[in-house]
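The C-terminal residue of the sequence shown carries number 168 in UniProt numbering, and the numbering is unbroken.
Reading through the structure tokens given below for one structure.
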Amino acid sequence: MFIRLTWVVGTAGAIQGFLIVLTCCCVTMLTAISMSAIATNGVVPAGGSYFMISRSLGPEFGGAVGMLFYTGTTLAAAMYIVGAVEIVITYMAPSLSIFGDFTKDANIMYNNFRVYGTGLLLLMATIVFVGVKFVNKFATVALACVLLSILAVYAGIFINFHGNDKLL
1 MFIRLTWVVG
11 TAGAIQGFLI
21 VLTCCCVTML
31 TAISMSAIAT
41 NGVVPAGGSY
51 FMISRSLGPE
61 FGGAVGMLFY
71 TGTTLAAAMY
81 IVGAVEIVIT
91 YMAPSLSIFG
101 DFTKDANIMY
111 NNFRVYGTGL
121 LLLMATIVFV
131 GVKFVNKFAT
141 VALACVLLSI
151 LAVYAGIFIN
161 FHGNDKLL
């Protein structure tokens with residue numbers, strides 16, 4: 001979401017962009033508080049969030065919320081994949097473009113999205129298929145990536161590569 005924050009502010013304006021982010025943060029905070037209140041009773045077995053929702057709300061309402069949870073997670077994964085591929089191809093490694101110069105034709109960029117997105121989706125499906133125990137082994141690697149990303153943001157304040165030192 002934060003990759004698109006400049007686009008949100010440019011489209012909606014500063015005040016409405018702030019309100020959008022504030023609403024998203026409030027919803028996330030309320031969800032986290034509710035989940036922590038439900039999960040304090042003990043260890044959550046297999047099923048994770050869906051298990052807690054269905055056991056707390058009952059099978060009928062829990063099933064409906066579970067379907068919405070599944071749909072939301074699926075759509076979010078698709079958006080994350082497209083966003084990740086777009087950032088890698090456009091900014092980090094434009095030389096990885098398979099079908100030529102994507103700056104001249106948008107269809108070339110979309111074909112790159114399809115190829116690399118499918119590969120990333122297959123990688124994610126393999127990780128999910130292997131299971132949570134395998135994923136937990138790489139939690140420290142994921143944490144290191146997040147910490148390096150945060151440090152890169154702060155390093156970008158002080159380091160200038162091929163840019164302009166002037167603000168305007």
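Idealized CB from N, CA, C, for every residue including glycine.
Remember, predicted model here, so these are calculated numbers, not experimental data.
Requested in this report: Would you check if the distance between the CB atom of valine 82 and the CB atom of glycine 117 is smaller than 8 Å?
Outcome: Reading the sequence shown from its first residue, position 82 is the one you call residue 82. Reading the sequence shown from its first residue, position 117 is the one you call residue 117. For valine 82 and glycine 117, yes; Cβs fall inside 8 Å.
**Report entry** Spatial distance of alanine 12 from valine 21 (CA atoms)
**Finding:** Residue mapping note: residue 12 aligns to position 12 of the sequence shown, counting from 1. Residue mapping note: residue 21 aligns to position 21 of the sequence shown, counting from 1. Answer to the nearest angstrom: the Cα atoms are 11 Å apart.
Query raised in the report: Just the Cα atoms here: how many angstroms apart are threonine 140 and isoleucine 87?
Result: Within the sequence shown, the letter at position 140 stands for residue 140. Within the sequence shown, the letter at position 87 stands for residue 87. Threonine 140 and isoleucine 87: Cα-Cα distance of roughly 23 Å.
Query raised in the report: When the Cβ atoms of the stretch 97–113 are set against those of the stretch 67–78, are three or more pairs found closer than 8 Å?
Result: no
Query raised in the report: Is the Cβ-Cβ distance between serine 54 and glycine 63 less than 8 Å?
Result: One-based indexing of the sequence shown puts residue 54 at position 54. One-based indexing of the sequence shown puts residue 63 at position 63. Yes, the pair counts as a contact, with Cβ atoms nearer than the cut-off.
Requested in this report: Just mark phenylalanine 134 as buried or exposed, buried being the case when its beta carbon has 16 or more other beta carbons within 10 Å.
Outcome: Stepping through the sequence shown from its first residue, residue 134 is reached at position 134. Counting Cβ neighbours within 10 Å, phenylalanine 134 comes out exposed, since fewer than 16 surround it.
Report task. Tell me whether phenylalanine 158 is buried or exposed, calling it buried when 16 or more other Cβ atoms sit within 10 Å of its Cβ. Result -> As a position in the sequence shown, residue 158 is number 158, starting the count at 1. Phenylalanine 158 should be labelled exposed.
**Report entry** Straight-line Cα distance separating leucine 147 from asparagine 160
**Finding:** Reading the sequence shown from its first residue, position 160 is the one you call residue 160. Reading the sequence shown from its first residue, position 147 is the one you call residue 147. Roughly 21 Å between the two C-alpha positions.
Query raised in the report: Is it true that the CB of phenylalanine 69 sits closer than 8 Å to the CB of tyrosine 50?
Result: To locate residue 50, count along the sequence shown from 1; it is residue 50. To locate residue 69, count along the sequence shown from 1; it is residue 69. Cβ distance < 8 Å, so tyrosine 50 and phenylalanine 69 count as in contact.
Query raised in the report: What distance in whole Å lies between the Cβ atoms of valine 85 and leucine 120, which are believed to be in contact at a cut-off of 8 Å?
Result: Looking up residue 120 in the sequence shown gives position 120. Looking up residue 85 in the sequence shown gives position 85. The Cβ separation is near 7 Å, so the contact holds.
Query raised in the report: Given that a residue counts as buried once 16 or more other Cβ atoms are within 10 Å of its Cβ, and exposed if not, what is isoleucine 33?
Result: Numbered from its first residue, the sequence shown carries residue 33 at position 33. Isoleucine 33 should be labelled exposed.
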